[in-house]
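What follows is a short report on a single structure.
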């Protein structure tokens with residue numbers, strides 16, 4: 017498999033529960049991005065990593081959200097105390113090079129539904 | 208990246224007709240990218256434009272970047288059912304490459 021993979025593909029949870037999503041980027045891609053997409057809207061940037069360093073976080077990323085990329089390979093996005101407004105598609109993307117605008121390859125996304 | 212606006216928001220065309228979507232920014236863009244997202248799918252990169260006045264073609268798709276680097280367009284000739292989806296113009300800043308997606312144009316094809 018040479019593409020970006022995300023797990024799970026779907027997650028239904030009750031309000032107040034914690035959820036964690038995983039993203040496996042394309043091998044040797046050193047940049048990894050998280051985006052959120054709600055119905056009818058374009059993806060919105062959340063955060064990105066260069067290797068294991070988290071370089072930027074959007075104001076959309078409240079303190080209930082945390083992302084990690086501990087070994088510079090896969091990444092996790094955790095949402096604590098989920099709210100109904102967190103329901104969205106969470107997309108992960110990776111790109112191969114730093115310091116150069118390059119194609120971002122998106123994964124299939126994790127669709128979160130908070131009841 | 209800077210916020211970009213797209214028009215139209217929706218477009219319904221008969222199969223075989225042409226289609227154009229426009230993207231505008233109030234500020235100068237360092238580059239513009241175009242992505243396509245099929246219904247239920249994820250965004251897929253189409254092209255990147257960097258130079259003022261640049262024109263690039265991919266088969267039936269023609270992409271333009273304005274002379275002032277504040278606008279861009281995507282034109283599809285003789286649409287096919289496989290062209291269905293939402294087309295996003297996307298800005299980014301050299302250095303961090305985080306993408307700022309435009310509002311998107313959703314294209315539907317009437318067979």
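Protein chains in written order, with the numbering used here: chain A, 17 to 131; chain B, 208 to 318.
Idealized CB from N, CA, C, for every residue including glycine.
Straight-line Cα distance separating residue 128/A from residue 101/A: When rounded, the distance between both Cα atoms is 10 Å.
Considering only their Cβ atoms, is the gap separating residue 213/B from residue 230/B smaller than 8 Å? Yes. Within cutoff.
For chain B, is any of its Cβ atoms less than 8 Å away from the one on residue 119/A? Yes, contact with chain B.
Name the chain A residues that come within less than 8 Å of residue 249/B, Cβ to Cβ? By Cβ distance, chain A contributes 107, 122, 123, 124 and 125.
Determine the DSSP secondary structure at residue 289/B, reduced to helix, strand or coil. In this structure, DSSP gives residue 289/B a helical state, which the three-state scheme calls helix.
Chain B residues whose Cβ lies nearer than 7 Å to that of residue 58/A: What residue 58/A touches in chain B, judged by beta-carbon distance under 7 Å, is 295, 308, 309, 310 and 311, going in chain order.
Please return the same chain residues whose Cβ sits closer than 7 Å to the Cβ of residue 77/A, not counting the five positions on each side in sequence. Answer for residue 77/A: 62 and 63, listed in chain order.
Would you say residue 272/B reaches chain A, if we count a Cβ-Cβ gap shorter than 8 Å as a contact? For residue 272/B, no CB of chain A lies under 8 Å from its own CB, so it is not counted at the interface with that chain.
Compare the C-alpha of residue 400/B against each of 262/B, 241/B and 220/B and name the closest. No answer is possible for residue 400/B: the residues shown for chain B start at 208 and end at 318.
Below 8 Å between beta carbons: does that hold for residue 222/B and residue 288/B? For the pair residue 222/B and residue 288/B, the CB atoms are nearer than the 8 Å cut-off.
Apply the 10 Å Cβ neighbour rule to residue 262/B and answer buried if 16 or more other Cβ atoms are within range, or exposed otherwise. Looking at its Cβ environment, which holds fewer than 16 other Cβ atoms inside 10 Å, residue 262/B is exposed.
With a CB to CB cut of under 6 Å and the five nearest residues on each side skipped, what residues in its chain are close to residue 36/A? Non-local beta-carbon contacts of residue 36/A in its own chain, meaning distances under 6 Å to residues more than five positions away in sequence, involve 92 and 94 in chain order.
Cβ neighbours of residue 131/A in the same chain (closer than 6 Å, five flanking residues each side left out): Here the set comprises 30.
Beta strand (DSSP E) containing residue 231/B: first to last residue? Element bounds for residue 231/B: 226-231.
I want to verify the contact list: residues of chain B whose CB lies under 9 Å from the CB of residue 111/A, in sequence order. The answer, in chain order, is 304.
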